[in-house]
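Following: one structure in structure tokens, then a few remarks.
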Amino acid sequence: MASAGKRVLILVENLPSPFDRRVWQEATTLRAHGYEVSIICPTGKGYEKRYEELEGIHIYRYKLPLEAEGAKGYAIEYSLALFHTFRLALKVLFQRGFDIIHACNPPDLLFLIGGFFKLTMGKKFLFDHHDINPELYEAKFGRRDFFYKLMVLFERWSFSTADVSIATNDSYKKIAIERGGMDADRVYVVRSGPKLDRLRVLPPVEALKMGRQYLVGYVGVMGAQEGIDLLLKAVRHLVHDMGRKDVHFGLVGGGTSLEQMKQLAAELGVANFVTFTGRVPDQQLLEMLNTADVCVNPDVANDMNDKSTMNKIMEYMALAKPIVQFDLVEGRVSAQEASLYAKKNDPVDMARKIAELLDDPARRARMGEYGRNRVVNELEWKYEAPKLLAAYERLYSEQAPRPGAVPQLSKKEAE
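With the working numbering, the residue at position 362 of the sequence shown is 1105, and numbering never jumps.
Below is the structure:
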């Protein structure tokens, strides 16, 4: 049983739990160290139950009527999510209680809920900074308008409400300090390191190569800033301009651009060389990645992706896969010698780098081994978990008195 004062409520809007791997790793780590953990999140495919308990963690879900596209769609989605999250937070408060609200963005609006419980009941608020939303907005819509400035304001308010914040890398920590105004010692870097008990090395499934010699794998969201269009253009160059009919591409993941990307593959004449799986269970994801000879990360080179650590990179490395990606700052920090780096947003150079690795099995093996060793010795979740726990210890060392309580003077102050 969790001890008194060790009750956590995690808020997450963009993915259901336990599908969101980072959130689930945080939740299970806290649970293993004596915290009672509740999560509020949306429903999703395979996660339709409004309440369930998994691994001792209490999950409360709400249903959203749409997957947003466009500024108006996001406004509707986030408003509904905020309403349901607040409603369920009250339910958790009376059913189980909580002492800390751990809010995962996007969106940067959950400070409204955290701030309410902080001001009225003395709860602590931890801001878990997953995405830099101003840059994400710019990547999606290509402009810095009124809504961009609003994103910056929401981000600032999130940090100013937080007692402690968590950053996924040093670039995000810098934003928390410089743009968010947080003290450096209140920002904890907790990377999204993979858990090797989930990312298992398995025998390849040759059928996934669709009769071809090589397979190139991708896992991630099919969205505007993920660069799937650039990857498909790289496939077209590889297949039609370089004459490589010996390679197939397996793309794992769902998202708002999935059908659009399927159509683009057909227009580019490469549909027969690409498998789109949509969102699939972990077993199918692992089969695809374990079968891949090379893995790719086509994230568009922009301010958002340049500063963000991509989970897919760590997962590729955990499975000893050599990588090709565009040259991004945090991509290099994570992968180092496990990756080749194509010119920014250049699908032709990406195609050439893929071909270069396919034709050099010894190099693929060296890069894969380097990446795997880096995860095992430096980047696995077990190295990040103590940093998460340190952030929580900071919060509990500063327990605030309940609103209305009379502060006690020290002997020196009384004199």
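All C-beta atoms in this analysis are idealised placements derived from N, C-alpha and C, irrespective of residue type, glycine included. Nothing here was measured: the structure is a model prediction, and the numbers come from that model.
- Setting aside the 5 residues that flank it on each side, ALA1134 is surrounded in the same chain by LEU869, VAL907, ILE909, TYR931, VAL933, each with a C-beta closer than 8 Å to its C-beta; the list follows chain order.
- Sixteen is the threshold: when 16 or more other Cβ atoms of the shown chains lie within 10 Å of the Cβ of THR828, as they do, the residue is buried.
- Taking C-beta atoms as the reference points, VAL1037 and TYR961 fail to come closer than 8 Å.
- Residue range 1025 to 1034 is occupied by the alpha helix (DSSP H) that includes LEU1029.
- Unbroken alpha helix (DSSP H) stretches of 4 residues or longer found wholly inside the stretch 1064 to 1141: 1072 to 1078, 1090 to 1101, 1104 to 1117, 1124 to 1139, given in chain order.
- Rounded to whole angstroms, ALA1008 and HIS991 show a C-alpha spacing of 13 Å.
- Judged by their CB atoms, VAL766 and VAL755 are nearer to each other than the 8 Å cut-off.
- In the same chain as MET1047, and ignoring 5 residues on each side of it, the C-beta atoms closer than 8 Å to its own belong to ASP874, ILE875, GLU878, LEU879, GLU881, ALA882, GLN968, in chain order.
- A Cβ-Cβ contact shorter than 8 Å links ASP842 with ARG750.
- Selection LEU896, MET1057, ILE1066 evaluated against ARG941 yields MET1057 as nearest (Cα-Cα).
- Residue burial annotation: TYR957 is buried, with at least 16 other C-beta atoms found within 10 angstroms of its C-beta.
- Of the other Cβ atoms in all chains shown, 16 or more fall within 10 Å of the Cβ of MET1031; this residue is therefore buried.
- For TYR891, the enclosing alpha helix (DSSP H) stretches over residues 889 to 904.
- Under DSSP, the beta-bridge partners assigned to ARG750 are GLU779.
- No residue range can be given for ASN912, since it is assigned to no alpha helix (DSSP H) and is classified by DSSP as neither H nor E.
- Pairing ILE783 with TYR803 gives a Cβ-Cβ distance under 8 Å.
- Per the C-alpha coordinates, the member of ASP763, LEU974, LEU1083, LEU833 positioned closest to GLY857 is LEU833.
- Contact check for LYS1064 against GLY1111 passes: the beta carbons are separated by less than 8 Å.
- The beta carbons of GLY954 and ARG979 sit no closer together than 8 Å.
- According to the DSSP secondary-structure assignment, LYS867 is paired through a beta bridge with ILE843.
- Between LYS952 and THR1034, the C-beta spacing is below 8 Å.
- A check of alpha carbon separations from ASN1054 across GLY840, GLU1123, VAL959, SER903 identifies GLU1123 as the nearest.
- Contact between GLY923 and GLU898 holds: CB atoms are separated by about 6 Å, below the 8 Å threshold.
- Taking the Cβ atoms as the reference, ARG1095 lies roughly 12 Å from TYR1084, outside the contact range of under 8 Å.
- Within its own chain, the residues whose Cβ lies closer than 7 Å to the Cβ of LEU1071, once the five positions on either side in sequence are excluded, are ASP1042, ALA1044, ASN1048, ASP1049, listed in chain order.
- Counting only residues of its own chain and dropping the five nearest sequence neighbours on each side, ARG943 has a CB closer than 7 Å to the CB of LEU1029.
- Counting only runs of 4+ residues, the alpha helix (DSSP H) found wholly inside the stretch 972 to 1020 occupies 1001 to 1010, in chain order.
- Distance from ALA1078 to ILE1097 at the Cβ level is roughly 15 Å; contact not present, criterion being Cβ atoms closer than 8 Å.
- Per DSSP, ILE1056 is not a residue of any beta strand (DSSP E); the alpha helix (DSSP H) it occupies stretches across 1054 to 1061.
- GLY858 carries a helical assignment under DSSP once its states are collapsed to helix, strand and coil.
- Counted as a single uninterrupted DSSP element, the beta strand (DSSP E) harbouring GLU795 occupies residues 794 to 797.
- When rounded, the separation of the alpha-carbon atoms in ASN1088 and VAL835 is 46 Å.
- For ASN1048, the enclosing alpha helix (DSSP H) begins and ends at 1046 to 1050.
- Separation of the CB atoms of PRO850 and LEU973 is rounded to 27 Å, and the pair is thereby denied contact status at 8 Å.
- Contact between GLY966 and SER1000 holds: their C-beta atoms lie close to 5 Å from each other, under 8 Å.
- In the displayed model, ASN1040 falls within a strand according to three-state DSSP.
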